[in-house]
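Residue numbers (the working numbering): 74 to 580. Contents: one structure, followed by commentary.
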Ligand SMILES: [Zn+2]
């Protein structure tokens, strides 16, 4: 957990291992990139007041709404802010979709729906990839888009089926202290107030506005949708105590032979949750042995392998990020303050959770179809005799839930992949990757087991090494594939630079 004495031990261990592997300090001559963080702890339980000419509603934190601020000030308030319903809150030039239609929502409170317009589709076709979660459907994107439009507050209407989790998960995740980057150069890229409103409270709000929520929802599912002024006003006061601290990214480099300013990177987050539930396992300490000590071990072994081979044309960066679990914080800070210019960071592979449960006959690319990193990945796995299986969790948007997202949003092509689920042998530990994700992930049971079988992890690392070697030694750069959400080939969309805490927990 960032900011603890144990975190300092982990950082020092990784630094020492990188040095021992033969890397050089990678962050402007240092091993460590300091990441300034700030914790905002709610001092009171806020009440969101919604008023109209005919009446008012008081929406309570925890039961009706969950609202927060990311502005590191002890007092943030919203006073009589005009409310506007903006459908799904999506502006997607690549999909020919614009829910804002040029409406001026500066200083206002935008209210929007969770997920994207074709989320109920049974397959993966449609303007937003059907049931596959698109980045436009992710709540982080909606908050960013609202901020880009100058909204003062942004509220998403919850629906368990569309969100994939009940409202209480949102409350648990968002009502408590929030850690974020404390960066004075940070542009204002989130609304002062963000939050979620329960579906039943949303119905009350729409009733107060004289609007039919169901009708508005179906209206929002069309390209013709126009923002709806609700003739309502929102007010809320948020009080927080502010506490600043710092954590560390660890960065090692193997300088390139002829193009040292260009780099390929491998990364993994070193942080985990500290403590978590359930306590029934006898303790609440979350070691995160698989998530993500295994990934850090993978990056360190790649470092040893690359360091013991001849120098390549481009540099290779090895990065262990902090604060991933708290919102991809270390990687978000890194892309704003990179070791080498991001324009020359040609691509990379992020590792989050290695398969230590034995070899498989298949591999998975999470969110396939994004970049040209995938072709050598598939070719190398095929040479190993492994098949490519489809992303097992397209609706969960795993690609958006670890540090590769920070790079993708900054325009750097990144690959996120894994062993598949087709086992080649019986697990030594009785555990499988699928079982791990269902029952062990983010619980105190994620501890080291000496019986782990690293064969599958090693095969995955061999594939990552081949991809990294191809792009670190060749002249070609990885690129985004046409139609991927992050290439923005014909769009005026600015790359987004802030990362909001992920709701489905980060991997
Ligand atoms: Zn993780």
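Glycine is no exception: its CB is placed at the ideal position from the N, C-alpha and C atoms.
Checklist entry - Looking at the structure shown, is residue 346 part of a helix, part of a strand, or coil, going by DSSP? => result For the purposes of this step, residue 346 is taken as residue 273 along the chain shown, with counting starting at 1. Correct three-state label for residue 346: coil.
Next on the checklist: Could you give the first and the last residue of the continuous beta strand (DSSP E) run that contains residue 157?
Outcome noted: Position 84 of the chain shown holds residue 157. Element bounds for residue 157: 148-158.
Checklist entry - Should residue 492 go down as buried or exposed, given a rule of 16 or more other Cβ atoms within 10 Å for buried? => result Position 419 of the chain shown holds residue 492. Counting Cβ neighbours within 10 Å, residue 492 comes out buried, since at least 16 surround it.
Item to check | Minimum C-alpha distance to residue 521 - residue among 225, 238, 366, 515 | outcome: Sequence index remark: in the chain shown, residue 521 carries index 448 (1-based). When only C-alpha atoms are compared, the closest one is 366.
Checklist entry - Hey, which unbroken runs of the beta strand (DSSP E) at 3 residues or more fall wholly within the stretch 232-279? => result 251-254, 266-270
Next on the checklist: By DSSP's criteria, residue 192 is part of a beta bridge. Which residues make up the other side?
Outcome noted: As a working note, residue 192 is residue 119 in the chain shown. Per DSSP, none; premise fails for residue 192.
Item to check | Top-ranked residue by Cα proximity to residue 141, from 475, 267, 509, 243 | outcome: In the chain shown, counting from the first residue as 1, residue 141 sits at position 68. Out of 475, 267, 509, 243, 267 has the C-alpha closest to the C-alpha of residue 141.
Checklist entry - Going by alpha carbons, who is nearest to residue 348 out of 361, 338, 82, 340? => result By 1-based counting over the chain shown, the position of residue 348 is 275. Of the candidates 361, 338, 82, 340, the one whose C-alpha sits nearest the C-alpha of residue 348 is 361.
Checklist entry - Between the Cα of residue 159 and the Cα atoms of 120, 189, 448, 405, which residue gives the shortest distance? => result Within the chain shown, residue 159 is the residue found at index 86, counting from 1. Comparing Cα positions, the closest option is 189.
Checklist entry - Residues in its own chain within less than 8 Å of residue 105 by CB, not counting five upstream and five downstream? => result Reading the chain shown from its first residue, position 32 is the one you call residue 105. So the list reads 84, 88, 321, 322, 323, 324, once near-sequence residues are dropped.
Checklist entry - What are the residues that DSSP puts in a beta bridge with residue 226? => result Position 153 of the chain shown, counted from the start, is the residue given in the question as residue 226. The partner list for residue 226 (beta bridge, DSSP) reads 182, 266.
Checklist entry - Under three-state DSSP, which class holds residue 517? => result The count along the chain shown starts at 1 and reaches residue 517 at position 444. Coil, per DSSP.
Item to check | Where residue 422 sits in the DSSP three-state scheme | outcome: The residue labelled residue 422 in the question sits at position 349 within the chain shown. Correct three-state label for residue 422: strand.
Checklist entry - Based on Cα-Cα distance, which residue from 306, 333, 255, 303 lies nearest to residue 316? => result In the chain shown, residue 316 corresponds to position 243, counting from 1. Cα-wise, what sits closest to residue 316 is 255.
Next on the checklist: Under 7 Å: does the beta carbon of residue 277 sit that close to some heavy atom of ligand 1?
Outcome noted: Position 204 of the chain shown, counted from the first residue, corresponds to residue 277. Not so, every heavy atom of ligand 1 lies at least 7 Å from the Cβ.
Next on the checklist: Would residue 145 and residue 110 be called neighbours here (beta carbons separated by less than 8 Å)?
Outcome noted: For this step, residue 145 is matched to residue 72 along the chain shown. For this step, residue 110 is matched to residue 37 along the chain shown. Note that the C-beta distance between residue 145 and residue 110 is not below 8 Å.
Checklist entry - How about residue 488 and residue 535: are their beta carbons less than 8 Å apart? => result Within the chain shown, numbered from 1, the residue matching residue 488 stands at position 415. Within the chain shown, numbered from 1, the residue matching residue 535 stands at position 462. Result no, Cβ atoms of residue 488 and residue 535 do not sit closer than 8 Å.
Item to check | Boundaries of the beta strand (DSSP E) in which residue 298 is found, first to last residue | outcome: Counted from its first residue, the chain shown places residue 298 at position 225. Note, residue 298: premise wrong, no beta strand (DSSP E); not H, not E.
Checklist entry - Are the beta-carbon atoms belonging to residue 339 and residue 421 less than 8 Å from one another? => result Here residue 339 refers to the residue found at position 266 of the chain shown. Here residue 421 refers to the residue found at position 348 of the chain shown. Against a cut-off of 8 Å, the Cβ pair of residue 421 and residue 339 comes out as a contact.
Checklist entry - On the three-state DSSP scale, how would you describe residue 336? => result Here residue 336 corresponds to residue number 263 of the chain shown, with the count starting at 1. Looking at residue 336 - three-state DSSP - the assignment turns out to be strand.
Next on the checklist: Using a Cβ distance threshold of 8 Å, determine whether the stretch 386-394 contacts the stretch 329-338, with at least three qualifying pairs required.
Outcome noted: Under the three-pair Cβ rule at 8 Å, the stretch 386-394 counts as touching the stretch 329-338.
Item to check | Secondary structure of residue 435, DSSP reduced to three states | outcome: In the chain shown, the residue the question calls residue 435 occupies position 362. Of the three classes helix, strand and coil, the one that applies to residue 435 here is strand, per DSSP.
Checklist entry - Short check: CB of residue 220 to CB of residue 263, under 8 Å? => result One-based indexing of the chain shown puts residue 220 at position 147. One-based indexing of the chain shown puts residue 263 at position 190. In this structure, the beta-carbon distance from residue 220 to residue 263 falls below 8 Å.
Next on the checklist: Between which two residues does the beta strand (DSSP E) holding residue 491 run?
Outcome noted: In the chain shown, the residue the question calls residue 491 occupies position 418. 490-492 is the span of the beta strand (DSSP E), which, as asked, contains residue 491.
Next on the checklist: DSSP has residue 394 in a bridge; who is on the other side?
Outcome noted: To locate residue 394, count along the chain shown from 1; it is residue 321. The partner list for residue 394 (beta bridge, DSSP) reads 342.
Item to check | Residue range of the unbroken beta strand (DSSP E) whose run includes residue 107 | outcome: If you number the chain shown from 1, residue 107 lands on position 34. Note, residue 107: beta strand (DSSP E), 105-115.
Next on the checklist: Mapping the DSSP letters down to three states, classify residue 201 as helix, strand or coil.
Outcome noted: Position 128 of the chain shown holds residue 201. If DSSP states are grouped into helix, strand and coil, residue 201 belongs with coil.
Checklist entry - Applying the criterion that 16 or more other CB atoms from any shown protein chain within 10 Å of the CB defines a buried residue, is residue 432 buried or exposed? => result Start at 1 with the first residue of the chain shown, and residue 432 comes out as number 359. With 16 or more Cβ atoms within 10 Å of its Cβ, residue 432 is classed as buried.
Checklist entry - If you pair each beta-carbon of the stretch 503-514 with each one of the stretch 406-413, do three or more pairs fall below 8 Å? => result no
Next on the checklist: Is it the case that the stretch 97-104 contacts the stretch 302-316, given that we only count it when at least three CB pairs across the two stretches are under 8 Å?
Outcome noted: Output reads no: the stretch 97-104 does not touch the stretch 302-316.
Next on the checklist: Is residue 356 a contact residue of ligand 1, with contact defined as CB to any heavy atom under 7 Å?
Outcome noted: In the chain shown, the residue the question calls residue 356 occupies position 283. No, ligand 1 has no heavy atom inside 7 Å of this Cβ.
Checklist entry - Ordered along the chain, which non-local residues of its own chain (more than five positions away) have a Cβ less than 7 Å from that of residue 374? => result Your numbering for residue 374 matches position 301 in the chain shown. The residues are 534.
Item to check | Whether residue 490 touches residue 428 by CB criterion (8 Å) | outcome: Position 417 of the chain shown, counted from the first residue, corresponds to residue 490. Position 355 of the chain shown, counted from the first residue, corresponds to residue 428. Not in contact: residue 490 and residue 428 (Cβ atoms no closer than 8 Å).
Item to check | ligand 1 heavy atom lying under 7 Å from the CB of residue 475 | outcome: The count along the chain shown starts at 1 and reaches residue 475 at position 402. It does: the Cβ of residue 475 is within 7 Å (strictly closer) of some heavy atom of ligand 1.
Next on the checklist: Based on DSSP bridge pairs, tell me the residues matched to residue 325.
Outcome noted: Sequence index remark: in the chain shown, residue 325 carries index 252 (1-based). The partner list for residue 325 (beta bridge, DSSP) reads 98, 391.
Next on the checklist: Since residue 231 and residue 187 should fall inside the 8 Å C-beta cutoff, what is the C-beta to C-beta distance between them, to a whole number of angstroms?
Outcome noted: In the chain shown, counting from the first residue as 1, residue 231 sits at position 158. In the chain shown, counting from the first residue as 1, residue 187 sits at position 114. The C-beta distance from residue 231 to residue 187 rounds to 6 Å, short enough to meet the 8 Å contact threshold.
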